[in-house]
Amino acid sequence: MATHCVNLSKFFKITWVRHQSKQNRINSFTSSAPTSEVGQLEGLTVLMHNTCSLKCLRALHARLAVTGSIRDNSVVTGLVERYLSLGKPAPAASLFAEAYHSRPTVYSLNLAVRCFSDHGFHRELLDLYRELCGIGSDNFTFPPVIKACTTVSCLRMGREVHCRVLRTGHGGNVGVQTALLDLYAKAGQIDVSRRVFDGMVERDLISWNAMVSGYSLNGCFQEAVEALHEMQQGGMRLNASTLVGIIGMCGGVEAKDVGSSLHALAMKYGVIADESLTSAFISIVHAAQQLEGSF
Numbered sequence: 125m126a127t128h129c130v131n132l133s134k135f136f137k138i139t140w141v142r143h144q145s146k147q148n149r150i151n152s153f154t155s156s157a158p159t160s161e162v163g164q165l166e167g168l169t170v171l172m173h174n175t176c177s178l179k180c181l182r183a184l185h186a187r188l189a190v191t192g193s194i195r196d197n198s199v200v201t202g203l204v205e206r207y208l209s210l211g212k213p214a215p216a217a218s219l220f221a222e223a224y225h226s227r228p229t230v231y232s233l234n235l236a237v238r239c240f241s242d243h244g245f246h247r248e249l250l251d252l253y254r255e256l257c258g259i260g261s262d263n264f265t266f267p268p269v270i271k272a273c274t275t276v277s278c279l280r281m282g283r284e285v286h287c288r289v290l291r292t293g294h295g296g297n298v299g300v301q302t303a304l305l306d307l308y309a310k311a312g313q314i315d316v317s318r319r320v321f322d323g324m325v326e327r328d329l330i331s332w333n334a335m336v337s338g339y340s341l342n343g344c345f346q347e348a349v350e351a352l353h354e355m356q357q358g359g360m361r362l363n364a365s366t367l368v369g370i371i372g373m374c375g376g377v378e379a380k381d382v383g384s385s386l387h388a389l390a391m392k393y394g395v396i397a398d399e400s401l402t403s404a405f406i407s408i409v410h411a412a413q414q415l416e417g418s419f
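Residues 125 to 419 (this note's numbering) make up the sequence shown, in order.
This is how it looks when you write it as structure tokens:
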């Protein structure tokens with residue numbers, strides 16, 4: 125055990141020296157070198173979260189495996205996140221599969237799904253979910269999985285996930301339903317999107333914005349404006365995201381009038397200074413000026 129601690133301390137010292145100002149690193153390490161298993165794990169975890177080198181991360185991974193620390197959920201999650209941040213989804217997925225093959229849980233699946241989603245590896249997320257969805261899913265699993273289906277334009281799998289949502293009794297969750305209506309809207313199935321929206325018992329600003337944006341995306345200008353009025357009548361406070369999609373649809377002879385009305389709404393709700401809105405309003409003015417100049 126003593127030899128093991130000496131070797132591990134040597135590993136800490138070498139790695140630390142490579143990543144900090146030399147004298148400060150040596151002083152810092154020698155004054156706080158880990159002597160217990162808890163200290164060793166904490167030190168390795170700090171290095172893991174701060175390394176920007178794939179080679180160093182693999183060395184840390186190997187060391188964590190040797191010490192048995194790889195069984196710790198936080199260590200697995202940290203390693204997965206670091207591999208993904210370095211653009212390496214394959215070892216991240218492999219690590220997750222190895223770590224949880226004998227004890228998979230919905231919690232561990234959610235950790236992996238969140239990591240892959242946060243780092244933009246949507247196809248890899250779906251591959252992982254296909255393999256592990258049998259262990260179960262909950263309200264934390266479905267939104268990032270549905271988002272991945274939306275991002276990679278995989279409507280077929282999105283429908284399969286929708287069916288699983290209904291079978292498992294999670295169809296009433298506002299986050300899950302919002303992800304579904306966004307999926308269908310971006311797939312051009314705005315009628316299905318609206319049915320999901322109408323079936324929502326609870327609606328928040330994000331779900332309203334998704335519906336308005338869905339109408340705008342599908343060229344349904346009148347429906348988008350009507351949804352905007354529904355929001356106001358229901359006492360929902362608009363934000364910049366609510367207005368941007370509709371503004372982008374303003375064109376032709378009505379551009380100036382509609383733009384003025386939306387500008388008044390932006391003033392009313394205090395979002396006029398939003399950069400995305402400013403750009404959208406400038407585009408409306410430019411379009412109106414071009415139209416007037418053509419007559």
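All C-beta atoms, glycine included, are put in the ideal place defined by N, C-alpha and C.
None of the values given here were measured: they were computed from a predicted structure.
Ranked by Cα distance from Gln313, the options Ile330, Gly293 and Arg283 are led by Arg283. The Cβ atoms of Pro213 and Phe240 lie closer than 8 Å to each other. For Lys271, the enclosing alpha helix (DSSP H) has its first and last residue at Phe266 to Thr275. Here Cys273 is buried, its C-beta having at least 16 other C-beta atoms within 10 Å. With fewer than 16 other Cβ atoms from the protein chains shown falling within 10 Å of its own Cβ, Val190 counts as exposed. Of the residues assessed, Gln301 falls on the buried side of the cut-off, its CB having 16 or more other CB atoms within 10 angstroms. Between Thr265 and Asn297 the beta-carbon gap is near 11 Å, outside 8 Å, which marks them as no contact.
Residue range His246 to Leu256 is occupied by the alpha helix (DSSP H) that includes Tyr253. By the CB criterion at 8 Å, Phe321 and Ser331 fall inside the cutoff. One alpha carbon belongs to Val325, the other to Leu249, and they sit about 29 Å apart.
Contact between Val230 and Asp262 holds, since their C-beta atoms are separated by about 6 Å, short of 8 Å.
Nearest to Val237 by C-alpha distance, out of Tyr253, Leu203 and Met172, is Tyr253. Rounded to whole angstroms, the gap between the alpha carbons of Lys179 and Val204 is 15 Å.
Between Ala364 and Asp398, the C-beta spacing is below 8 Å. By a beta-carbon distance limit of 8 Å, Ala348 does not contact Ile371. Their separation comes to about 10 Å. Nearest to Leu279 by C-alpha distance, out of Gly295, Gly293 and Leu307, is Leu307. The beta strand (DSSP E) runs lying completely inside the segment 278-351 and spanning 3 residues or more number zero. A residue is called buried when at least 16 other Cβ atoms come within 10 angstroms of its Cβ; Ala303 meets this threshold and is buried. Shown here for Ala334: same chain residues with a beta carbon closer than 6 Å to its own, the five before and five after excluded, namely Thr302, Leu305 and Asp306 in chain order.
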